[in-house]
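*Asks:* One structure coming up, written as structure tokens, with questions to follow.
Chains as they are written, first to last, in the numbering used here: chain U, 547 to 772; chain L, 2 to 115.
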């Protein structure tokens, strides 16, 4: 005798919703609304005498294929989808910026330490290089070790747009602060400070734009698979 | 039972939806059922196509949406007409009346057209 597992309606609807979400053309609100529609249709079909599984299959077919629904919703969610498509680029720019700021900050920290300890800058070169080498090697080794043991590299997910914005912002503030401490009122010092002010305005603009995109997509509840 | 052409259904969707919502707030599934009933099955919106139209009307500010819990206990999104939508509906009524008058005049003059 054929043995069939009992049909689980909620689980099947959840799978259908997951497929809609995967199309990346609809907001979570769109999907919730359509799932209510699907349930309403199922209920009506059940009243006509169909069992749960039959009603689900017919209702799903009536609503249309995932591709068709996604194509229709794409037209309405156009602006939102554009923002979503911008996200990887913004993230890429911010991560690159964060990395260069980190390198910048480490250099400046050594300068500050050198200045405070009264060591001449040219004498610092070798020390800085060696310390950085040890630091980077141990950092890379710990990353590799965590990766091999399938552990998360960082305790929180740092590649979300919010985290990237936060990290870049903090690094930039620290880096600027470090420069203002080092810069002496010489011509080069003044030029560097002016340049830093220009950089700060640029980064602030970039961060503000990123925040707008992050808030906009979050508010609209667009389903984004990171 | 012959269905109306796609173009005609598309052109009439906005006045029909606005008129329905001007009577009472409703949700997607109910709107589709009501229109089907009203038109004796001649207008049948695709299940997956009405929602984008509703969202378009919402973006234009002609209708407003709100979430509420239905009798079934599920969350349901309802739509109602806005003040801006009522004005749009009045304009739509005028336009459709004009078209109706033109066609009536033409067909009265030439009764053998059909």
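Backbone N, C-alpha and C fix where the C-beta goes; we use that ideal spot for every residue, glycine too.
Computed from a predicted structure; not experimentally measured.
#1: Which residues of the stretch 21-54 of chain L have a Cβ closer than 7 Å to any Cβ of chain U? Give them in chain order.
#2: Whose Cβ in chain U lies nearer than 8 Å to the Cβ of residue 81/L?
#3: Throw me the rounded Cβ distance for the residue 23/L and residue 82/L pair, which I believe falls under 8 Å.
#4: Just checking: is the beta-carbon of residue 75/L within a distance shorter than 7 Å of some beta-carbon in chain U?
#5: Using a Cβ-Cβ cut-off of less than 9 Å, list which residues of the stretch 573-595 of chain U approach chain L; keep chain order.
#6: Count the other C-beta atoms from every protein chain shown that fall within 10 angstroms of the C-beta of residue 710/U, then say buried if there are 16 or more, exposed otherwise.
#7: Just checking: is the beta-carbon of residue 599/U within a distance shorter than 7 Å of some beta-carbon in chain L?
#8: Do residue 571/U and residue 616/U have their beta-carbon atoms positioned less than 7 Å apart in this structure?
#9: Taking all protein chains shown into account, decide if residue 760/U is buried (16 or more other Cβ within 10 angstroms of its Cβ) or exposed.
#10: Alpha helix (DSSP H) containing residue 553/U: first to last residue?
#11: What residue range is occupied by the uninterrupted beta strand (DSSP E) comprising residue 6/L?
#12: Suppose the cutoff is 7 Å on Cβ atoms and the five residues either side in sequence are ignored; what does the same chain contact list for residue 558/U look like?
#13: Applying the criterion that 16 or more other CB atoms from any shown protein chain within 10 Å of the CB defines a buried residue, is residue 680/U buried or exposed?
#14: Is the beta carbon of residue 583/U less than 7 Å from the beta carbon of residue 29/L?
#15: With a cut-off of 7 Å, does the C-beta of residue 85/L fall near any C-beta of chain U?
#16: Could you pull out every residue in the same chain whose Cβ sits closer than 8 Å to the Cβ of residue 596/U, ignoring the five residues on either side in sequence?
#17: For a contact meaning CB atoms closer than 9 Å, what does residue 621/U contact in chain L?
#18: Could you check whether the stretch 616-635 of chain U touches the stretch 677-697 of chain U, counting it as contact only if at least three pairs of C-beta atoms, one from each stretch, sit closer than 8 Å?
#19: Classify residue 75/L as helix, strand or coil using the three-state DSSP reduction.
*Replies:* Judging by the given coordinates:
#1: 29, 30, 47, 48, 49, 50, 52 and 53
#2: Residues of chain U passing the Cβ test: none, with the nearest at roughly 15 Å.
#3: 5 Å
#4: yes
#5: 575, 576, 578, 579, 580, 581, 582, 583, 584, 585, 586, 587, 589 and 590
#6: buried
#7: no
#8: yes
#9: buried
#10: Run containing residue 553/U: none; DSSP gives neither H nor E here.
#11: It is not in any beta strand (DSSP E) - residue 6/L carries neither H nor E in the DSSP assignment.
#12: 602
#13: exposed
#14: yes
#15: no
#16: 604
#17: 53 and 57
#18: no
#19: coil
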